[in-house]
Structures are given as structure tokens and as C-alpha cells.
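*Asks:*
Residue numbers (our numbering), protein chains in the order written: chain U, 1 to 513; chain Y, 514 to 957.
#1: Check distances from the C-beta atoms of the region 913 to 942 of chain Y to those of chain U and list, in chain order, the residues that come in under 7 Å.
#2: With a floor of 3 residues, list each beta strand (DSSP E) that falls wholly inside the region 84 to 150 of chain U, ordered by position along the chain.
#3: Scan the region 539 to 554 of chain Y for residues whose Cβ lies nearer than 9 Å to a Cβ of chain U and list them as they occur along the chain.
#4: Run down chain Y in chain order and give the residues with a C-beta less than 7 Å from the C-beta of residue 323 of chain U.
#5: Out of curiosity, what's the CA-to-CA distance linking residue 254 of chain U and residue 310 of chain U?
#6: Compare the beta carbon distance of residue 923 of chain Y and residue 420 of chain U with 8 Å and say whether it is the shorter of the two.
#7: Nearest-angstrom Cα distance between residue 323 of chain U and residue 353 of chain U?
#8: Tell me whether the beta-carbon of residue 127 of chain U lies closer than 8 Å to the beta-carbon of residue 166 of chain U.
#9: Quick test of your reading: residue 347 of chain U and residue 327 of chain U, contact by CB under 8 Å. State the CB separation rounded to the nearest angstrom.
#10: Residue 140 of chain U versus chain Y: which residues are under 7 Å apart at the beta carbon?
#11: Roughly how many angstroms separate the alpha carbons of residue 739 of chain Y and residue 685 of chain Y, rounded to a whole number?
#12: Excluding the five sequence neighbours on either side, which residues of its own chain have a C-beta within less than 6 Å of the C-beta of residue 249 of chain U, listed in chain order?
#13: Of all the residues that make up the region 140 to 170 of chain U, which are near chain Y by a beta-carbon distance shorter than 7 Å?
#14: In whole angstroms, give me the CA-to-CA distance for residue 885 of chain Y and residue 456 of chain U.
#15: Counting pairs of beta carbons, one from the region 488 to 502 of chain U and one from the region 463 to 470 of chain U, are three or more of them closer than 8 Å?
#16: Looking at the C-beta of residue 417 of chain U, does it have a partner C-beta in chain Y at a distance below 8 Å?
#17: How many whole angstroms separate the CB atoms of residue 524 of chain U and residue 256 of chain U, which I take to be in contact at a CB cut-off of 8 Å?
#18: Can you list the alpha helix (DSSP H) stretches of 4 or more residues lying completely in the region 620 to 690 of chain Y, in chain order?
#19: List the residues of chain Y whose Cβ lies closer than 7 Å to the Cβ of residue 288 of chain U, in chain order.
#20: Please report the Cβ distance between residue 703 of chain Y and residue 574 of chain Y, rounded to the nearest whole angstrom; I am assuming they are in contact, meaning their Cβ atoms lie under 8 Å.
#21: So is residue 357 of chain U buried or exposed if we call it buried at 16+ other beta carbons inside 10 Å?
#22: For a quick check, are the C-beta atoms of residue 225 of chain U and residue 200 of chain U less than 8 Å apart?
#23: Here's the rule: buried if 16 or more other CB atoms are within 10 angstroms of the residue's CB, otherwise exposed. What is residue 727 of chain Y?
#24: Excluding sequence positions up to five away, which residues of its chain have a Cβ less than 6 Å from the Cβ of residue 437 of chain U?
#25: Give the residues from the region 764 to 793 of chain Y that approach chain U closer than 9 Å (Cβ to any Cβ), ordered along the chain.
#26: Measure the beta-carbon distance from residue 164 of chain U to residue 135 of chain U and round it to whole angstroms, keeping in mind my assumption that it falls under 8 Å.
#27: Can you round the beta-carbon distance between residue 953 of chain Y and residue 882 of chain Y to whole angstroms, since I take them to be within the 8 Å contact cut?
#28: Out of U/337, U/98, U/196, U/215, which has the shortest C-alpha to C-alpha gap to residue 170 of chain U?
#29: So which residues of chain Y does residue 460 of chain U contact, with C-beta pairs closer than 7 Å?
#30: Does the beta carbon of residue 471 of chain U come closer than 8 Å to any beta carbon on chain Y?
#31: What does DSSP give as the partner residues of residue 325 of chain U in its beta bridges?
#32: Spell out whether any CB of chain U is found under 8 Å from the CB atom of residue 502 of chain Y.
#33: Tell me the rounded alpha-carbon separation between residue 479 of chain U and residue 434 of chain U.
#34: What's the gap between the Cα of residue 103 of chain U and the Cα of residue 117 of chain U?
#35: On the three-state DSSP scale, how would you describe residue 900 of chain Y?
#36: Tell me whether residue 815 of chain Y sits in a helix, a strand or coil according to DSSP, three-state version.
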């Protein structure tokens with residue numbers, strides 16, 4: 001689940017409880033008062049003699065003489081009536097006292113419960129997918145037919161790739177149907193050749209704990225049921241293969257809300273959400289409009305380890321996020337990710353954004369990151385990226401768009417092939433996603449994303465990725481606990497790479513609790 | 514929205530995704546480019562002629578060579594290291610002579626390689642060899658011979674074990690005498706000139722050709738006191754001895770493997786796992802970059818980072834320079850393809866060859882036909898099974914320092930999954946061809 005949702009839930013619930021109790025008390029008090037007032041008014045207005053209203057609309061004054069003898073007898077006398085009203089008043093006062101006591105007791109209990117508020121949430125993401133082709137988003141240029149410049153590079157033609165190994169993502173986790181012959185992206189958790197298949201994409205559990213109103217803990221774990229042999233490899237063939245199932249610790253951080261006036265400041269420590277762009281906010285299945293991530297989510301949706309600060313100014317219009325982390329904001333699946341750092345230089349990331357407060361959101365942001373290249377022991381090999389984003393939620397339109405550009409410089413010793421010591425990565429990518437809430441439970445959407453990247457590791461491999469995808473789908477909210485999504489993605493190769501079949505149809509049924 | 518809508522939606526998605534997927538079915542198909550790559554690996558054509566051996570395709574020479582191959586009378590003395598001891602598969606006692614033939618270490622019933630020695634990484638003959646004995650089946654397709662390529666023709670290869678201490682521990686002088694004593698008529702019928710009468714111990718000129726088991730490399734050998742003209746006579750006999758053996762070995766070819774039949778159109782010849790392995794072989798694992806052509810060897814030398822000492826390697830030296838040491842041996846050998854005893858010196862490959870640093874620790878790419886039958890693997894027999902060989906390549910070879918020289922740039926981790934490794938092994942098993950005709954597997 002997303003960080004804001006995790007933070008907001010229990011506090012909001014408790015606040016609602018308190019508010020509800022207050023409202024109940026106020027309503028009860030108001031009703032009681034009203035009843036008393038109405039009773040007194042009735043007394044004041046009670047004609048007693050069932051006579052017509054007096055002229056001028058004014059009721060008879062208490063000092064008016066009683067009705068004359070011989071008229072219809074008034075069963076209860078005025079004194080009797082007064083006694084009844086006094087008794088009613090006493091009863092109502094007693095009820096009011098009881099309500100006051102009840103309210104005080106409830107408030108005391110809520111005050112006691114607030115510091116130990118806990119929340120346990122999660123979801124199951126179940127889907128069905130199929131692809132054209134073999135499920136892989138890449139092909140190798142065995143004969144150097146399309147990229148002949150690598151014929152003399154020392155890289156075997158089998159390891160000259162075009163396409164994108166993540167183009168065939170089938171779920172919110174960004175897992176491709178198959179990584180095919182990929183050498184950079186080697187973890188192949190689905191690996192089914194793109195054949196139609198049901199899949200439990202993830203079973204997510206999230207924990208929230210509020211120590212007090214300022215300090216909270218958050219954690220989220222995905223349990224991933226997968227095929228045997230694909231996730232845990234033995235050291236050699238004699239070892240028994242492990243189960244394919246694995247778990248992914250997605251989040252684990254503490255957040256401290258610093259007491260401030262006129263602006264807000266939160267500090268985070270642990271494994272937290274990225275600070276780059278906006279897609280990371282909705283990357284989990286229940287929150288994501290589409291089924292799958294964009295092509296550039298790999299660069300901005302990671303969850304690095306380190307420290308983060310988030311400040312908001314100008315009535316939350318201006319926001320500044322800064323983090324110092326072990327590595328980049330790349331996702332763990334992509335082969336640039338340092339959960340535990342291997343160099344001395346940390347990665348500094350930041351984003352500044354401004355929300356015009358038009359509709360629910362009308363926000364533009366700029367972000368960037370700089371640090372030592374992931375997975376390199378050499379501190380002198382830099383990796384950086386920059387990006388811009390736009391997020392609009394206005395009336396029934398939901399639009400997000402991002403652009404990102406970055407470089408992992410790589411390194412090679414003199415005489416070695418380029419990028420032999422540290423792999424090189426140059427990338428530019430963008431996406432725009434538009435959704436329209438036709439009904440409160442139905443949001444069709446479309447997305448166009450593109451990626452132009454070059455990734456080389458000495459003579460081990462080179463990827464030349466130039467592609468565009470067009471996605472169309474629909475998002476259904478079935479009540480409050482069920483989300484159904486389905487989409488079709490066409491992948492179009494650009495540049496010199498030939499077109500090959502790797503379109504994806506995928507769906508997701510998210511059951512959340 | 515009711516659950517009915519959701520159900521309908523789910524059904525629609527299933528149909529959509531199923532329709533999206535290929536309808537090719539479960540069997541493995543290959544692209545046009547892949548088929549072209551595969552087509553270059555089969556069939557195994559006829560052995561190319563060897564201009565340096567004009568007898569290579571001579572049937573009579575082959576028949577003669579077959580006799581020589583199984584004859585132990587050319588061998589020398591068994592040394593202490595090679596003596597039969599408990600369980601080592603040795604061929605005799607210290608001092609025994611005439612116990613070793615080519616077939617002793619190239620066993621016909623085992624793809625013409627050694628399965629006798631224990632441990633089997635190297636071979637026990639007169640002594641212990643320092644490397645794993647290569648099989649002779651399909652050996653004629655190579656351009657270079659021995660792991661280090663110190664022979665540039667098959668006939669050159671056939672001669673070197675004769676004078677190697679660890680192998681036959683004999684000499685060319687003794688071979689010449691043994692030929693004269695046992696095969697004079699057959700030799701003279703094939704080769705010109707005839708065997709020199711001086712090889713007859715009763716001849717007046719016998720002392721020109723002393724019978725000795727000491728090879729020329731031995732300072733005590735009478736060879737070093739012989740006249741050059743007499744040395745030339747013996748060298749020519751010795752070369753012809755090798756050429757006859759080569760003619761026979763040229764016939765040791767195994768064809769029509771399941772892979773060959775599959776390429777020829779028999780879809781059922783290989784199972785799905787083997788086909789998937791073939792896809793890996795030509796694709797992700799890129800084995801075909803070096804294991805190319807119908808022999809599945811590029812006939813080149815690569816440093817694959819084989820850890821020199823691993824497993825039961827009692828007899829494997831701690832260091833092996835491979836091709837770097839093989840080139841000087843080749844160029845120094847008067848009996849090479851470029852030398853005076855070659856039938857076409859211009860076609861020899863030794864001339865002008867100079868070892869460079871790139872040759873250090875490099876070994877000839879093994880042809881993979883029959884590979885499932887030819888373990889243990891690598892130049893020192895360091896790796897016992899095909900599965901372990903795949904693991905070796907999957908790791909990108911050993912760590913620097915565990916072997917001589919620098920690893921070939923192609924040696925990078927392959928990132929194969931366990932199932933992919935299994936598929937590769939399955940494909941390698943599909944490279945076992947039909948057995949060599951029985952008539953070629955026995956001596957006279």
C-alpha cells in the first residue's frame with residue numbers, strides 16, 4: 001500500500017471516532033435542548049381550552065384568566081401539567097448527564113488507545129495474462145544484421161539485444177512474462193514463455209504502528225508465489241533447487257513528523273519510497289490505475305535505503321523531498337540497485353513540486369539524483385538522472401506524465417572493451433497516462449510510454465532499446481475491497497530494431513483488506 | 514456493479530489473454546535466423562583431405578595404420594610412475610616393455626579415449642600424462658591437435674606420444690626397427706623408399722641404425738651420434754608410421770546423431786528439452802560462438818579460466834601454459850606439417866607461428882560431438898560431469914589467479930537457470946552419433 005494511505009488510515013479512523021462521539025454528544029445535547037425548548041414552548045402555547053389562536057398570533061399569556069366555567073372541562077390542571085413537565089425535565093437532565101458521562105468515558109478510552117494505534121492491511125493481486133511471441137521483450141541480433149557495428153566489438157551476436165526486457169511486464173510489480181535470453185536482467189520470476197497463465201502476482205501484507213501522533217512505523221512485504229527453480233539457484237547442479245516462492249520486503253521505515261508551525265516536515269529512516277517523479281506513489285496494485293508500470297518506472301519506483309526528509313510549505317502547495325540513500329531509485333528487478341551499498345558515495349535524490357490546488361491535484365515537479373554507480377566498488381564512477389513530472393486530478397480526469405533522463409557512466413581499464421569494469425547505461429524515457437472516471441466505479445485509461453536506452457557491459461552484452469508502447473485498459477472499483485483491471489499493450493520497436501511480436505494482454509483482480 | 518459484471522469481465526480477460534498468446538503449441542520452433550545458425554552445425558561432412566599426408570585417404574594405409582594402432586611392440590619401458598599399483602589401472606610393472614599401444618589409452622570401446630586410468634583426469638601408461646586424453650572419434654576434423662595444438666596435422670599428433678615419457682616412452686629408432694621386424698612387406702608396399710636394410714640387426718650396416726628406446730630428446734640416446742642422412746632415413750620412416758596411423762584415425766567418425774537427424778527434418782529425433790537446450794546453445798548461452806561448425810569447435814584456442822587444480826587431480830601439474838607452451842614445441846618439431854617430412858610443407862600451419870601472451874592458458878575448443886561420452890572434461894580432466902561443465906561456463910569460468918593467463922572476453926556469467934542448464938545438458942546428449950563400425954574397433 002502507498003505510504004500516505006498507510007499513514008493516514010488509523011489516525012483518520014481514530015479522529016473519526018472522536019468526531020463521531022463529539023457529534024453524538026452535540027446532537028444529543030441539541031436534541032435535549034430542543035425538546036426542552038419545545039416543551040416550554042408547548043406549555044407557553046398550549047391553549048388549554050382548545051380555543052382558536054388569538055388575533056395577532058400572540059398566544060395567551062400565563063396571566064390570562066382561565067377559561068370560563070361551563071366550558072369543556074380541562075382534564076389535567078395547569079399545575080398537574082407543570083409537574084409533568086418538571087418530571088420530564090428531570091428525566092432529560094438525567095439522560096444528559098448520562099450522555100456526558102458516556103462521552104467522557106469514550107474520550108478517555110480513545111485517548112488511551114491513540115498512542116498504540118496499529119493497523120494491519122494487505123491485498124491479494126491475482127491476474128491472468130498472455131503475450132504474443134515468446135513472452136520476452138528482447139531479441140538477439142545473432143548475425144549482427146541490425147547492429148553490425150558490434151561485429152568487431154567482441155560481443156557475441158547472441159548477446160547483442162534489441163527491444164526491452166521489461167516491455168512485457170504483466171503485473172504491478174513490473175515482472176515480465178519472460179526475460180528470454182536476457183543477460184543483464186537475469187531474474188526471471190515468471191518465465192513461462194508468454195503462455196496464457198493465471199498468476200498470483202503478490203500477496204501483500206502491510207503493518208502500521210503509531211507510537212504517538214508524531215512517530216510512526218511502516219512496513220510492507222510481498223509474498224510471491226512462483227515456479228520452482230527460477231528464483232533460487234543452487235551453486236551447482238548437485239544442489240537441490242529451491243522453491244520458487246519468495247518474498248520481497250518492499251518498505252520498512254520510521255516516520256517522524258517534526259512539530260512545526262506554518263509548514264510541515266517529516267523525516268524518514270529505513271527503506272522508503274522513492275522521491276523521484278510521481279509514479280512511485282501508486283505503484284502497488286490497489287493504488288495503480290493501470291495493471292502494469294510504465295517503461296520508466298524502473299528508474300523512479302525503487303525503494304532505497306537511507307534517510308529522507310519531506311517538507312511542505314505554502315499551505316502544502318510547495319513540497320520538497322530529499323533523500324540520502326545507499327543507491328539509486330531504480331527498482332530491485334533492474335540490474336542497477338544497491339540495497340546494501342558497495343561504495344562509499346551515497347546517492348542524493350531530491351524533488352521539488354508545486355500544486356496549484358486546482359481540483360484534487362494539479363502538481364508539477366522536477367527531480368534528480370546523483371551518486372556513485374550502483375553495484376560498483378569504485379566511488380569515482382558516477383550515476384545521475386533528472387526528470388520532470390505532471391500530475392492532474394481534476395473533475396473526472398486523471399492525468400500523469402513523466403520524463404526522465406539519466407546516465408550510469410560505466411568504466412573500463414585501458415585496453416579493455418568499453419564498459420568492461422562497470423556497465424554503462426544511458427537512458428531517456430517518458431510516459432503520459434490519462435484516465436477518465438466515466439462512473440464512480442469505472443475508469444478507462446490509456447498510456448503511451450517510450451524508452452530509448454543503451455546498456456553495455458564489456459563483451460558480456462549490449463542492449464539497444466528504442467521502443468514505444470501504447471496501452472489501453474479499464475479500471476473497475478467493485479465496492480471498497482475489490483479492484484479489477486484489464487489492459488492490452490502494443491509494443492512498437494523504433495530505430496533500427498525490427499518489429500517482433502511481444503504485445504501483452506494482462507489483468508488484475510485485487511482483493512484488499 | 515454486481516458480481517455478475519465482474520464474472521463476465523474475468524471471462525473476457527481470460528479469452529483475450531489466451532487469444533493474445535501464440536498458437537504455436539508446446540513444441541519448440543526456431544526463427545529463420547536461428548534455423549540458419551543451426552543448419553551450419555550439421556551434418557558432419559566428409560573429412561577434408563590433409564595435403565601434408567598423401568596417405569590420409571589411402572585405404573591400404575588405413576588398414577596398415579589400424580594394425581599399428583593396436584600393436585604394443587612399439588612401446589618402451591614402464592616407469593615407476595606408470596607401474597601397475599592398487600587400483601590405478603596401470604598396464605604393467607616397472608621395467609616392462611611392449612605393454613602399450615595407441616589403443617591402450619584411446620580405447621575403442623570408449624569413444625577412443627581412456628576410461629581405464631584411476632583417477633581418470635589423466636592417463637596412466639608408461640608414466641602419467643599431464644593432461645586428459647582426448648577422444649579420437651571425429652579427431653580428423655580438427656585443424657590442430659592436442660589440447661595445446663602442438664601438432665598441426667593428425668599424423669604429427671600420432672608420433673608425439675611414442676616418444677613421450679608418460680605415454681609410450683619409446684623412440685623413433687625403436688619404431689623403425691619394430692616396423693622392419695614385423696611389418697616390412699606392408700610398409701614397403703605402401704611407402705617409398707623401402708625400409709632401409711640397415712634396420713636388420715644382422716645387416717652389415719646395422720650399427721648405423723641402433724635400436725634404442727631413448728628418444729632424440731634424451732642426451733644419452735645414440736640418435737645424437739648418428740649421421741644426419743641416417744637420421745633422415747629414420748625420420749621418414751617415423752613420419753610414414755604416423756601417416757598410416759592418421760589414415761586409420763581418419764576413419765573414426767561418428768555421424769547421424771539425434772541432432773543431425775533433427776536438422777535433417779526428423780522432428781522427433783530430439784525431445785523438447787534438447788530443443789530448448791539447442792536454443793540456448795545458439796542463443797542465450799552463446800556456446801555456438803566457439804563451438805561452431807559441424808565439429809562444434811571453432812578449431813581455435815581460448816582461455817576459459819579452468820581452475821587448474823580442483824577435484825582429484827593427483828597428476829595434473831599446478832601450472833599449465835597451454836597454447837603458449839604448445840607453439841614453441843610445434844615450431845621446434847622437425848616432423849610437423851611445415852617440415853621436410855610433410856607432403857605439402859606449404860600447407861603446414863607451424864611456419865611463422867609465434868606464441869603471444871594471449872596464448873597463455875589457452876586450450877583448443879573441444880568438438881562437442883560425442884561429448885556426453887567423453888568425460889571427464891577440460892584439459893586436465895578437472896571437471897567430472899557435463900552439468901559441472903555448464904556450471905563452469907555459467908559462472909564465467911574461474912577466478913583470476915586460479916589458472917594461467919587471462920580469460921577470454923567471452924567468458925562472462927551466463928545467468929542460466931537450473932532448468933536451462935538441464936536443457937543444455939539434454940542437448941549435449943543429443944550429439945552422440947552412431948558408433949564407429951565394429952571392424953574399426955579391433956586389431957588384427
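Beta carbons are placed, not taken as given, at the ideal position from N, Cα and C, and that holds for glycine.
Predicted model only: the values in this text are computed from it and were never measured.
*Replies:* A quick look at the data gives this:
#1: The residues in question are 922, 923, 925, 928, 930, 931, 932, 934.
#2: 118 to 131, 138 to 140
#3: 539, 544, 546, 547, 549, 550
#4: As a first step, residue 323 of chain U is located in the first chain; it is residue number 323 there, counting from the start. In chain order: nothing, as chain Y lies at least about 31 Å away.
#5: As a working mapping, residue 254 of chain U is identified with position 254 in the first chain. As a working mapping, residue 310 of chain U is identified with position 310 in the first chain. Going by the C-alpha atoms only, they are around 13 Å apart.
#6: Your numbering for residue 923 of chain Y matches position 410 in the second chain. Your numbering for residue 420 of chain U matches position 420 in the first chain. Residue 420 of chain U is positioned such that its CB atom lies no closer than 8 Å to that of residue 923 of chain Y.
#7: Walking along the first chain from the start, residue 323 of chain U turns up at place 323. Walking along the first chain from the start, residue 353 of chain U turns up at place 353. Whole-angstrom Cα-Cα distance: 15 Å.
#8: Locating residue 127 of chain U in the first chain gives position 127, counting from the first residue. Locating residue 166 of chain U in the first chain gives position 166, counting from the first residue. It is not a contact, given that the beta carbons lie outside the stated cut-off.
#9: Sequence index remark: in the first chain, residue 347 of chain U carries index 347 (1-based). Sequence index remark: in the first chain, residue 327 of chain U carries index 327 (1-based). Confirmed, Cβ separation roughly 6 Å.
#10: Your numbering for residue 140 of chain U matches position 140 in the first chain. Here the neighbours are 796.
#11: The count along the second chain starts at 1 and reaches residue 739 of chain Y at position 226. The count along the second chain starts at 1 and reaches residue 685 of chain Y at position 172. Cα to Cα, the separation comes out at about 13 Å.
#12: In the first chain, the residue the question calls residue 249 of chain U occupies position 249. The answer, listed in chain order, is 221.
#13: Answer in chain order: 140, 142, 143, 154, 156, 158, 159.
#14: As a working mapping, residue 885 of chain Y is identified with position 372 in the second chain. As a working mapping, residue 456 of chain U is identified with position 456 in the first chain. Rounded to whole angstroms, residue 885 of chain Y to residue 456 of chain U spans 35 Å at the Cα level.
#15: yes
#16: The residue labelled residue 417 of chain U in the question sits at position 417 within the first chain. For residue 417 of chain U, the answer is yes, since a Cβ of chain Y falls inside 8 Å of its Cβ.
#17: Residue 524 of chain U cannot be examined here, being either before or after the span of chain U that is shown, 1 to 513.
#18: 667 to 672
#19: Start at 1 with the first residue of the first chain, and residue 288 of chain U comes out as number 288. The contacting residues do not exist; residue 288 of chain U stays about 17 Å from chain Y at best.
#20: As a working note, residue 703 of chain Y is residue 190 in the second chain. As a working note, residue 574 of chain Y is residue 61 in the second chain. Indeed, because the Cβ distance is near 6 Å, the residues count as touching under 8 Å.
#21: Stepping through the first chain from its first residue, residue 357 of chain U is reached at position 357. With fewer than 16 Cβ atoms within 10 Å of its Cβ, residue 357 of chain U is classed as exposed.
#22: Residue 225 of chain U sits at position 225 when you count from the first residue of the first chain. Residue 200 of chain U sits at position 200 when you count from the first residue of the first chain. Yes.
#23: The count along the second chain starts at 1 and reaches residue 727 of chain Y at position 214. By the 10 Å Cβ count, residue 727 of chain Y comes out buried.
#24: Along the first chain, read from residue 1 onward, the residue named residue 437 of chain U stands at position 437. Around residue 437 of chain U: 396, 443.
#25: 792, 793
#26: By 1-based counting over the first chain, the position of residue 164 of chain U is 164. By 1-based counting over the first chain, the position of residue 135 of chain U is 135. Their Cβ separation, rounded to whole angstroms, is 13 Å, which puts residue 164 of chain U and residue 135 of chain U out of contact at 8 Å.
#27: For this step, residue 953 of chain Y is matched to residue 440 along the second chain. For this step, residue 882 of chain Y is matched to residue 369 along the second chain. With 8 Å as the limit, residue 953 of chain Y and residue 882 of chain Y do not qualify as a contact, their Cβ atoms being about 17 Å apart.
#28: Taking the first residue of the first chain as 1, we reach residue 170 of chain U at position 170. Considering only alpha carbons, the answer is U/196.
#29: Position 460 of the first chain holds residue 460 of chain U. Those are 925, listed as they occur along chain Y.
#30: Here residue 471 of chain U corresponds to residue number 471 of the first chain, with the count starting at 1. With 8 Å as the cut-off, residue 471 of chain U does not count as an interface residue toward chain Y.
#31: If you number the first chain from 1, residue 325 of chain U lands on position 325. The partner list for residue 325 of chain U (beta bridge, DSSP) reads U/306, U/347.
#32: Absent from the model: residue 502 of chain Y. The displayed extent of chain Y is 514 to 957, so no value can be given.
#33: Numbered from 1 along the first chain, position 479 holds the residue referred to as residue 479 of chain U. Numbered from 1 along the first chain, position 434 holds the residue referred to as residue 434 of chain U. About 23 Å.
#34: Taking the first residue of the first chain as 1, we reach residue 103 of chain U at position 103. Taking the first residue of the first chain as 1, we reach residue 117 of chain U at position 117. Going from the Cα of residue 103 of chain U to the Cα of residue 117 of chain U covers about 20 Å.
#35: Within the second chain, the letter at position 387 stands for residue 900 of chain Y. Three-state DSSP puts residue 900 of chain Y in a helix.
#36: Looking up residue 815 of chain Y in the second chain gives position 302. In the structure shown, residue 815 of chain Y sits in a strand (DSSP, three-state: E or B).
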